[in-house]
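Residue numbers (the working numbering): 2 to 277.
First comes the structure, then the notes that go with it.
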């Protein structure tokens, strides 16, 4: 589509895998807190939720039961017109087998998967091919996370060799790393652009005070955005946001000034669906 014709998908990432209330007192952790946040983010312009669950000590988890509780609470709060995406993020705790087992057991509507985690060096081609075939059959929409050029090359190879069956898939470009003090720069996006013919649509996430600048750079180039306390809690004036929804509203207004209409839930489902 020509610039401006594809609605801008905003995904809210309200907590992530690392920050706790000791780091950020207003970060939502429990299913009830995340559900309330999801509704506020939807009202602010988000069409998608990127969901993490935690254990009793606020530590990252891929527990299927916890995910089911979270999905039930969030769906009840936001209704059907919002994409609910879970994560398989390893955080140094989970193997590729663990991640695949979670997806098989939960069968979510959408899931984000880091290429470097699901297809590490020496991965079993047949196991991974079977997993992706299962996802296609189960109609689970993946979004593949790409941190660097090596990830892009491996993603391209998976598609070109038929290990990942299909033609084009949604991806997330991560501008920077999950590290203390990381501040992404809009120019960090440029090395990703045009590096793959296997991408159906792309999204950006960024860290630190220039998150919104990175997001709007992506919007201007036809991409979409994942925004929230997972990566940043500062508004463009440098003041701390009280709520994830403030970051969503900020990006929504910026995107509108760039002639990007804001996607609703059903539109987001279509945009984020792979070409299997």
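The beta-carbon is built from N, C-alpha and C at its ideal position, and this holds for glycine as well.
Which term fits residue i, buried or exposed, when burial requires 16 or more other beta carbons within 10 angstroms of its beta carbon?
{"i": "residue 57", "result": "exposed"}
{"i": "residue 81", "result": "exposed"}
{"i": "residue 90", "result": "buried"}
{"i": "residue 251", "result": "buried"}
{"i": "residue 32", "result": "buried"}
{"i": "residue 26", "result": "exposed"}
{"i": "residue 270", "result": "buried"}
{"i": "residue 43", "result": "buried"}
{"i": "residue 241", "result": "exposed"}
{"i": "residue 121", "result": "exposed"}
{"i": "residue 226", "result": "buried"}
{"i": "residue 111", "result": "buried"}
{"i": "residue 118", "result": "buried"}
{"i": "residue 160", "result": "buried"}
With a CB to CB cut of under 8 Å and the five nearest residues on each side skipped, what residues in its chain are close to residue i?
{"i": "residue 200", "result": "169, 170, 171 and 172"}
{"i": "residue 106", "result": "65"}
{"i": "residue 233", "result": "207, 208, 209, 210, 212 and 248"}
{"i": "residue 22", "result": "28, 30 and 59"}
Given a cut-off of 8 Å on the beta-carbon distance, is the pair residue i and residue j in contact?
{"i": "residue 46", "j": "residue 231", "result": "no"}
{"i": "residue 40", "j": "residue 14", "result": "no"}
{"i": "residue 114", "j": "residue 146", "result": "yes"}
{"i": "residue 75", "j": "residue 109", "result": "no"}
{"i": "residue 84", "j": "residue 136", "result": "no"}
{"i": "residue 237", "j": "residue 219", "result": "no"}
{"i": "residue 142", "j": "residue 273", "result": "yes"}
{"i": "residue 55", "j": "residue 116", "result": "no"}
{"i": "residue 223", "j": "residue 7", "result": "yes"}
{"i": "residue 197", "j": "residue 153", "result": "yes"}
{"i": "residue 164", "j": "residue 130", "result": "yes"}
{"i": "residue 335", "j": "residue 61", "result": "An answer regarding residue 335 cannot be provided, because it is not within the stretch 2 to 277 covered by the chain."}
If I measure Cβ to Cβ from residue i and keep anything under 7 Å in the same chain, skipping five residues before and after, which residues do I get?
{"i": "residue 101", "result": "132"}
{"i": "residue 124", "result": "97"}
{"i": "residue 229", "result": "13, 14, 15, 245 and 248"}
{"i": "residue 190", "result": "174, 176, 205, 215, 218 and 219"}
{"i": "residue 243", "result": "27"}
Distance cutoff 8 Å, beta carbons only. Does residue i sit that close to anything in chain B?
{"i": "residue 252", "result": "Any reference to chain B falls outside this structure, which holds one protein chain only."}
Note down, in chain order, each residue of its chain lying with its Cβ closer than 6 Å to the Cβ of residue i, except the 5 sequence neighbours on either side.
{"i": "residue 277", "result": "137 and 167"}
{"i": "residue 261", "result": "9 and 220"}
{"i": "residue 63", "result": "95 and 103"}
{"i": "residue 148", "result": "175"}
{"i": "residue 263", "result": "9, 46 and 253"}
**OP:** Answer yes if the region 250 to 258 comes into contact with the region 66 to 77, meaning at least three C-beta pairs across the two stretches below 8 Å, and no otherwise.
**Re:** no
**OP:** List in chain order: all unbroken beta strand (DSSP E) runs of 3+ residues lying wholly within the region 129 to 204.
**Re:** 142 to 147 and 170 to 176
Original post:
What are the uninterrupted segments assigned as beta strand (DSSP E) that are 3 or more residues long and contained completely in the region 56 to 101, given in chain order?
Top reply: 84 to 88
Subject >> alpha helix (DSSP H) runs contained entirely in the region 238 to 272, provided each spans 4 or more residues >> reply: 245 to 258 and 266 to 272
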